[in-house]
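Position 125 of the sequence shown, counted from 1, bears residue number 427 in the numbering used here, the numbering being contiguous throughout. Glycine included, C-beta positions come from ideal geometry on N, C-alpha and C.
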Amino acid sequence: MFTTGTARIGTALAVLLAVGSAQAADLPLKAPAQAATSSAGWTGCFIGGQAGAALSNDKIRSSGDFSSTSVAVGGQIGCDYQFASNWVIGVEAGASWLDLTSRTPGRLTDAAGVTVPSQFTVRNDLLASTTARLGYSFANTWLAYGKGGVAWTREKSDIVFTLPGRPTVDPKGTRTVTGWTAGAGLEWAFAQHWTARLEYDYYDFGDNAFRLTDPATGAFATGSLKDRINTVTVGVNYRF
Numbered sequence: 303m304f305t306t307g308t309a310r311i312g313t314a315l316a317v318l319l320a321v322g323s324a325q326a327a328d329l330p331l332k333a334p335a336q337a338a339t340s341s342a343g344w345t346g347c348f349i350g351g352q353a354g355a356a357l358s359n360d361k362i363r364s365s366g367d368f369s370s371t372s373v374a375v376g377g378q379i380g381c382d383y384q385f386a387s388n389w390v391i392g393v394e395a396g397a398s399w400l401d402l403t404s405r406t407p408g409r410l411t412d413a414a415g416v417t418v419p420s421q422f423t424v425r426n427d428l429l430a431s432t433t434a435r436l437g438y439s440f441a442n443t444w445l446a447y448g449k450g451g452v453a454w455t456r457e458k459s460d461i462v463f464t465l466p467g468r469p470t471v472d473p474k475g476t477r478t479v480t481g482w483t484a485g486a487g488l489e490w491a492f493a494q495h496w497t498a499r500l501e502y503d504y505y506d507f508g509d510n511a512f513r514l515t516d517p518a519t520g521a522f523a524t525g526s527l528k529d530r531i532n533t534v535t536v537g538v539n540y541r542f
């Protein structure tokens, strides 16, 4: 009796185990956690915003270096492509609005050889660039990169001076100049489709001649301005 009962219990357990295994095979498996950027890693396009600080470093022929600081706020759009496992190449266009207003005393010499004191002011209110970048992805959600390309800034300049026996004049002008930029940054994919980044950029617009004119009197002044800007920004991108 004991032997027969044991056999029946063993048979019942075998049936239960078989049924349980079949049911377990039908249960859905939990999908692995998806990468924070996308299933294709960093491949794709993005749009975002940025904010930070800007520092100018300027020079005209009649003075030494002078500078100013400002908040910079803007946005960016671009695309990336991940290849060779961890490498990422991309392109990006961005623009920032700022208020870099630098002033310096100087000296001007008129056609008669008379030298008078002056004050030169330059204001940068727009900074834009188109760049290419190369980066390396690590720890699945981080991207370290360098970038470089073409940059533009809008300069609003004026120079105030007074010639002997004449009223004070203020020649002024606005122009957009082209230069180059290079920088580096670190980007972190912190959520599905969302990344945050910290970036430093250097902008160099060379040494460019200018001619400023006073619209009221027709008086003018010429010179050369060397314009350089540094920025440190934090940004957020939405990737799609």
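Out of 430, 438, 408, point me to the one whose CA is closest to residue 461's CA.
408
Strictly by DSSP, which residues pair up with residue 440?
444
Continuous beta strand (DSSP E) stretch holding residue 494: start and end
Neither: residue 494 is in no beta strand (DSSP E) and is coded neither H nor E.
Compare the Cα-Cα distances from residue 417 to each of 355, 373, 464 and report the closest residue.
464
How many whole angstroms separate the CB atoms of residue 380 and residue 395, which I take to be in contact at a CB cut-off of 8 Å?
6 Å
Check for me: the beta strand (DSSP E) holding residue 354 runs from which residue to which?
346–362
Minimum C-alpha distance to residue 538 - residue among 510, 529, 377, 444
377
Three-state secondary structure (DSSP) at residue 468?
coil
Determine contact between the stretch 420–427 and the stretch 379–393, defined as no fewer than three beta-carbon pairs at a distance below 8 Å.
no
Sequence-distant residues of its chain with Cβ nearer than 6 Å to residue 535 (five each side left out)
352, 354, 501
Taking the alpha carbon of residue 363 as the point to measure from, which residue in 406, 386, 350 has its own alpha carbon closest?
406
Straight-line gap, residue 480 to residue 454 (C-alpha atoms, nearest Å):
5 Å
Going by DSSP, what residue range makes up the beta strand (DSSP E) through residue 371?
367–385
Under three-state DSSP, which class holds residue 333?
Caution is warranted here: a pLDDT of 44 is assigned to residue 333, below 50, making its placement in the model unreliable, and the coordinate value is therefore given only provisionally. Here residue 333 sits in coil by DSSP.
Classification of residue 415 by the beta-carbon crowding that lies within 10 angstroms, buried from 16 upward
exposed
Helix, strand or coil for residue 419, going by three-state DSSP, please let me know.
strand
Three or more beta-carbon pairs under 8 Å between the stretch 481–495 and the stretch 443–452, yes or no?
yes
In angstroms with no decimal places, state the Cα-to-Cα distance between residue 410 and residue 533.
32 Å
Quick check: the Cα distance between residue 527 and residue 473, rounded to an integer number of angstroms?
15 Å
Smallest Cα separation from residue 430: which of 450, 347, 359?
450
Would you mind sorting residue 497 into buried or exposed? The rule is 16 or more other CB atoms within 10 Å of its CB.
buried
CB of residue 433 within 8 Å of CB of residue 476, strictly
no
Where do the ends of the beta strand (DSSP E) carrying residue 529 lie?
522–541
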